[in-house]
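What follows is one structure encoded as structure tokens, with my remarks underneath.
Number of protein chains: 4
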Amino acid sequence: MTGHNLKELHHAYGFDDVAIVPGDVTLNPELVKIGLNLGDHHFEIPFLAAAMDAVVDPAFAIEMHKVGGLAVLNIEGVWSRFDDPEPILQEVASGNREESTAILQKAFTSPIREDLIARRIQQIKESGAIAAVSVTPRYTKNFAPVIQEAGADFLVVQSTVTTARHESTSVEGLRFDQLLKEIHIPVIVGNTVGYNATLEVMRTGVAAVLVGVGPGAGCTSREVLGIGVPQVTATINCAAARDAYFEESGRYVPIITDGGIRTGGDVCKSFVAGADAVMMGSPFAATTEAPGRGYHWGMATPHADLPRGTRIAVGVRTTLEKTLFGPTSRTDGTENLVGALKTAMGMCGAHTIREFQDTEMVIAPSIKTEGKIYQFEQSDT
Amino acid sequence: MTGHNLKELHHAYGFDDVAIVPGDVTLNPELVKIGLNLGDHHFEIPFLAAAMDAVVDPAFAIEMHKVGGLAVLNIEGVWSRFDDPEPILQEVASGNREESTAILQKAFTSPIREDLIARRIQQIKESGAIAAVSVTPRYTKNFAPVIQEAGADFLVVQSTVTTARHESTSVEGLRFDQLLKEIHIPVIVGNTVGYNATLEVMRTGVAAVLVGVGPGAGCTSREVLGIGVPQVTATINCAAARDAYFEESGRYVPIITDGGIRTGGDVCKSFVAGADAVMMGSPFAATTEAPGRGYHWGMATPHADLPRGTRIAVGVRTTLEKTLFGPTSRTDGTENLVGALKTAMGMCGAHTIREFQDTEMVIAPSIKTEGKIYQFEQSDT
Amino acid sequence: MTGHNLKELHHAYGFDDVAIVPGDVTLNPELVKIGLNLGDHHFEIPFLAAAMDAVVDPAFAIEMHKVGGLAVLNIEGVWSRFDDPEPILQEVASGNREESTAILQKAFTSPIREDLIARRIQQIKESGAIAAVSVTPRYTKNFAPVIQEAGADFLVVQSTVTTARHESTSVEGLRFDQLLKEIHIPVIVGNTVGYNATLEVMRTGVAAVLVGVGPGAGCTSREVLGIGVPQVTATINCAAARDAYFEESGRYVPIITDGGIRTGGDVCKSFVAGADAVMMGSPFAATTEAPGRGYHWGMATPHADLPRGTRIAVGVRTTLEKTLFGPTSRTDGTENLVGALKTAMGMCGAHTIREFQDTEMVIAPSIKTEGKIYQFEQSDT
Amino acid sequence: MTGHNLKELHHAYGFDDVAIVPGDVTLNPELVKIGLNLGDHHFEIPFLAAAMDAVVDPAFAIEMHKVGGLAVLNIEGVWSRFDDPEPILQEVASGNREESTAILQKAFTSPIREDLIARRIQQIKESGAIAAVSVTPRYTKNFAPVIQEAGADFLVVQSTVTTARHESTSVEGLRFDQLLKEIHIPVIVGNTVGYNATLEVMRTGVAAVLVGVGPGAGCTSREVLGIGVPQVTATINCAAARDAYFEESGRYVPIITDGGIRTGGDVCKSFVAGADAVMMGSPFAATTEAPGRGYHWGMATPHADLPRGTRIAVGVRTTLEKTLFGPTSRTDGTENLVGALKTAMGMCGAHTIREFQDTEMVIAPSIKTEGKIYQFEQSDT
């Protein structure tokens, strides 16, 4: 089977496949710095909340600002289609899993209203928070003007896969270099997973790139399309593109690992793989501040004829504050994510996120067999 | 353990082991072309239905033609042994799994009738559909004349493993080069998994080659014989042989990945591995049009003394139309397979199946741990 | 973590990790030859029954001879300790799993009687069958004379791990070269897993070598001692030693893969890995002829202070005849093992076991996910 | 995805990933020597009990001395905070798993008392046993004087990750070279997993190094922080550092594999990976002599705002004596660990632990599929 001209397959790795190796130096956690610069803004913590209807509404965006991070509102979701989307969210939470997709598909036949786009941005701005909203490439030209005019601070152009070169049947597809000439707020683009695609997107002048296709808890792209790259490998690829672009241009464009992050361990692995920030859905959807009522679904779930996401139950676990900063009695890694990041950086001797990116990581599948024998015996006797 | 002359083992991969990597360019799905040329016929979709009694009867073949694909009727199955096989199919569906094998073994002691072979082909032809029927190498010489005479458009010669060089105790085994001189309809041969075997079969002049040994849902060759090659590696091997044969002869012989395909993701991975078309059993067996009543079994299941297949429950899920074209609210990849193919090709920047074959694929086992923590908590509280 | 002088670990593979690749030529099964030469005896089928109390008693040895194979009687087991061991076997089968080990430990405090050794061998010989009995190295000097005198045809010296160089505190340990001068029946030795150990044992003049440490169903050496080599790799290693020894000496010493074989697939993989014969416990323990009453345990289970085996339930499934030759309606590979071997050899174009040893094999873990979606749906609706 | 400057990931392995390969020579177990030299003390068995509240109290330390090993008392745990900690241990055992963490967090708000530190050490010394106590680096300067004065024989400085170079905000962090000038009892330091960190710690003059981050049964560092290295690879790394340090200095500093060891197999694999001794928690927590009442938890479990351990049920299984020396009827590897070690060394031809460290080991995941078919059948019929 060798010697012929066979297609080659390389290995790719996700969070559960790897572990971080502690360093030769250790630091007290209070010595580490974790701030994030995005456009002209500085954020105290490098955490973003994903642009999903069950995670971010205007109220959540305001809370996220208070704790030092950034939440992105999906401007093509229920908040721009309904004056009051609460009944829809309630209906999704009440039905069974199978029905919930159909409920969302139906709700998304209601049109996106420009007045609501403006109103949601203004709600966030009035509280003094930073407003970031997301659109898909398809609607970017339509809605970019009203988004800018309403005072948004960041425009996020996001779809499952985004490239600098998109071909469409319409006379003129979205081109990022042109878009960036027309609007004057920083543009974050995603998602990408590859070196070349990331490099090309960075060259158009964007402020940051979102990384990740397929790994999210509510995403079924792997089943439906076969497409997806595990997050550790995706982040390693895109971090290499960022460093190459910095080398060629002198401009440092942060990459944000987005999708599949559930625990402090996953957060830490994202940074060691090369991320500058992390974007999360599930962990924030499980906070008391989130609008999802203990449920969560992917952005491609409401797709009219080929939904590629599913509702998952995340429960309502604790507050946003505790999720990020603790203290906690939970030992499964789902709370005090900032504390976990600082502690891990200390154990690896990393003063900054940039130093943490250089930490060694090994391939070490986390099949949990430890303790098995004793736990079995316990229940057995 | 090294340094000696040890047998070497190479790695092989199946659908669940790999994922497709999105490209540097993206396309709107309406720009992609997915047609298939087989012999002198053009099919709008590169999907074939497998020659299995629970999947294809004459009525199903006609429906498959209407939607643009091709169904193959097993001419050694119940439709050529019984005037009315419905009671047999009912009996198989009613018994338990263990009994069903014995029921099939008994049914297959009834002889194959030439008059029924002709009648089934004519049933399909009368509707205006294309008629493709399968025989095993053992019976090919016997039945090829009546099949051709009855007006079949394709002869499929298929067994678990087929090679151009078969040795038998009878004076003269089946030789494809001789067969192709005697009959004048295109011959599709299979199954193969290796480079050399595929190349040799192509050199006999066949119209297409079926790829895959062991991976089907109803197939137990791995348990019974230890034989089998995971489909992604099998397809990569045979695609390399096809390209080498095209290089040497100028004739392009399509390969059809057959077995183990359950979802849109599997369909897409087949093409990225190098397939020109896919043949499926389980997904079609689960349609309302299929004769299997929610069950499905392998072609080697009725074998008299060494059955190598087993009945599996697939349920009756939806129509053939929805399975192929949607729309759907399912998010597990089992419906709208054509939509999934076009969407994935768009995300990978592939205008044609040939371009899609060049897409990058990575080894990335799909162990589903994402969402685990939250789902557990949900059911726990 | 690289660049230093680190211990290296190589990969090893078992039956479930690999699959056989069909060849470029195919044969009708009736063309294949599978006989085995051991000492001066020829066996029609290359199958041995393991020297375990639940598998082989004198009656089973006689039945195994009738079907063309060879059964080995454990001469240190219950048949040489009790005039009538049936009550012990009944007690083991009646207790729970935990108790069964203690019952065996107690039974094995009864001494081994030379008169019973002789009587069991004579029982077998009187029927006209070939008599093979096993001893551990520790008792070989003591019992070899009575075994030879009683008319045994083969002496099997077997322990978990056997080497040509054993050090003990007694003045003189067992040396195979000396043993072979003193007794005149062929000696089979095992178990080994490595190239060097196998080569050294062959040079002492033994008739065959048993291969395998740790993989048997009733063996827990992996848990208790951490010791074990998966059977495919063990067989590959020892086959290389056999070929090297043949090269240097001109004498062909068969290797017998022993342990962990459950299905026709495992049988076939053993030969492709390089075996000349297979020895099985579980599949024979499950026959109606076996004395184990549906249970089975490892030879190290009765060890007084460190048992390394456990009783497992195998059920009473079918006859020895059907296990080996079928016909069968089972599709899980547990019946018609000879038919499976011949069919697989045919698919790989192997006329003889020696040719079958050259067949390609790939690493392809048999995680069964195929059919999952549909089976789930079925039970769900 | 290749050709760019991508971060590299190497493979790491744990106990369940590997198996020991038997050697070319075998020994009777009575010929092997397993003693351990630590500082000026000689121990008959190379087994240490971990400094955990559920494993070691003064009474357990005395028992461990009697059987020839060494137990370490955690001097920052409940025995130095409470005159009578039994009610706390009872409370932890009585609550559910979730509550137990909070109970421990609350208990650890009680201060560590110097009088109790002294009293616990004296309790152990009065019995004639060797006293070893552990502190974290943070409290080492505070408590080292009282520990030395009370007559302890070993000071163990232990935290999740320890390096020779720790940076803290306080004017002067702990430096091992300075500590070793000030106190005159041997100092054991841990835990480390890497070559460089181990080498640097050894150069400060410590008596031994503890190896292992993350693998313990009660440890959740992998989930919470993403940090951890599987034990086999960690031990291989640190053993290489030990050998390099011996080469450069002529001083042999033993390494002690600590964490994740549950069975005799794990014990043996630790030594083959390069360990000079093993430290265990769970197996000792399950003895009748342990204070944990059938439960066990990690040392980081009581952490105030980021607990990284969890209570696990180990049951109360048997005595310390039987755990170490048998005899046993258990076949799962949890009893007679010393017998298992000697037996395995004999099978590998190793006279000493140093020779055992040179034994071959292979990567061979222990997925238990053997016996599956038969066990299933049994319960099915």
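Protein chains in written order, with the numbering used here: chain G, 553 to 933; chain Y, 553 to 933; chain W, 553 to 933; chain H, 553 to 933.
Even for Gly, the Cβ is constructed at its ideal location relative to N, Cα and C.
Take the alpha-carbon of D576/Y and the one of N748/G: they are about 6 Å apart.
DSSP places F660/Y outside both helix and strand once states are collapsed to three, so it counts as coil. At a cut-off of 8 Å between C-beta atoms, L876/Y does not count as an interface residue with respect to chain G. Using a CB distance below 8 Å, the part of the region 738–757 of chain W facing chain Y consists of G746, Y747, ordered along the chain. Counted as a single uninterrupted DSSP element, the alpha helix (DSSP H) harbouring Q783/G occupies residues 783–801. T787/Y is not a Cβ neighbour of N743/Y, given a cutoff of 8 Å. Within the region 556–571 of chain Y, contact with chain G at the beta-carbon level (separation under 7 Å) is assigned to H562, Y565, V570, A571. In this structure, DSSP gives H593/W an extended state, which the three-state scheme calls strand.
F877/G and E887/Y have their alpha carbons spaced roughly 43 Å apart. DSSP, read as helix, strand or coil, puts H562/Y in strand. Per DSSP, V608/Y has no beta-bridge partner at all. By DSSP's assignment, F706/H forms a beta bridge with A684/H. Out of V868/H, V830/H, T721/H, the CA that lies nearest to the CA of H903/G is found in T721/H.
Only those residues of the region 754–778 of chain H whose C-beta falls short of 9 Å from the nearest C-beta of chain G are listed: V765, G766, P767, G768, A769, G770, C771, T772, S773, R774, E775, V776, L777, G778. Scanning its chain for C-beta atoms nearer than 8 Å, with the 5 sequence neighbours on each side dropped, one finds around I597/W the residues I586, G587, L588, V619, G620, G621, L876, V890, in chain order.
Rounded to whole angstroms, the gap between the alpha carbons of V698/Y and A704/Y is 9 Å. Beta-bridge annotation (DSSP): I807/G is paired with V761/G. The DSSP assignment places 638–646 as complete runs of the alpha helix (DSSP H) inside the region 630–655 of chain Y, in order along the chain (cut-off: 4 residues). DSSP, reduced to helix, strand and coil, places G816/H within a helical segment of the structure shown. For the region 842–873 of chain G, residues whose beta-carbon sits nearer than 8 Å to a beta-carbon of chain Y comprise G846, H848, T853, A856, D857, L858, P859, R860, G861, T862, I864, A865, V866, G867, R869. Under the Cβ criterion of 8 Å, M913/H is counted among the residues facing chain W. Inclusion of V781/Y and G768/Y in the CB contact set at 8 Å is not warranted, their separation being larger than that value.
Around the beta carbon of F798/Y, fewer than 16 other beta carbons lie within 10 angstroms, which makes this residue exposed.
Residues of chain H with a Cβ closer than 9 Å to the Cβ of V713/W are, in chain order, P574, G575, T578, G898, M899, C900.
Within chain Y, H563, A564, Y565, G566, G780, V781, P782, T785 have C-beta atoms less than 8 Å from the C-beta of A916/W, given in sequence order. Residue burial annotation: D818/G is buried, with at least 16 other C-beta atoms found within 10 angstroms of its C-beta. In terms of CA proximity to E615/Y, I682/Y leads the group K693/Y, A852/Y, I682/Y.
Below 8 Å, too few C-beta pairs join the region 831–840 of chain G and the region 852–860 of chain G to call them touching: fewer than three.
Annotation for I673/H: the continuous alpha helix (DSSP H) segment containing it runs 666–678. In the structure shown, the three-state DSSP call for A602/H is coil. Contact between T688/W and Q657/W does not hold, since their C-beta atoms are separated by about 16 Å, which reaches or exceeds 8 Å.
DSSP, read as helix, strand or coil, puts A896/W in helix.
Contact between A645/H and R774/H does not hold, since the beta-carbon distance rounds to 25 Å and is not under 8 Å. By the Cβ criterion, the region 806–816 of chain H is not in contact with the region 556–563 of chain H, since fewer than three pairs of Cβ atoms, one from each stretch, lie closer than 8 Å. Taking a beta-carbon distance threshold of 8 Å, K585/Y does not count as an interface residue toward chain G.
Nearest CB-CB separation between G647/H and chain W: not below the 8 Å threshold.
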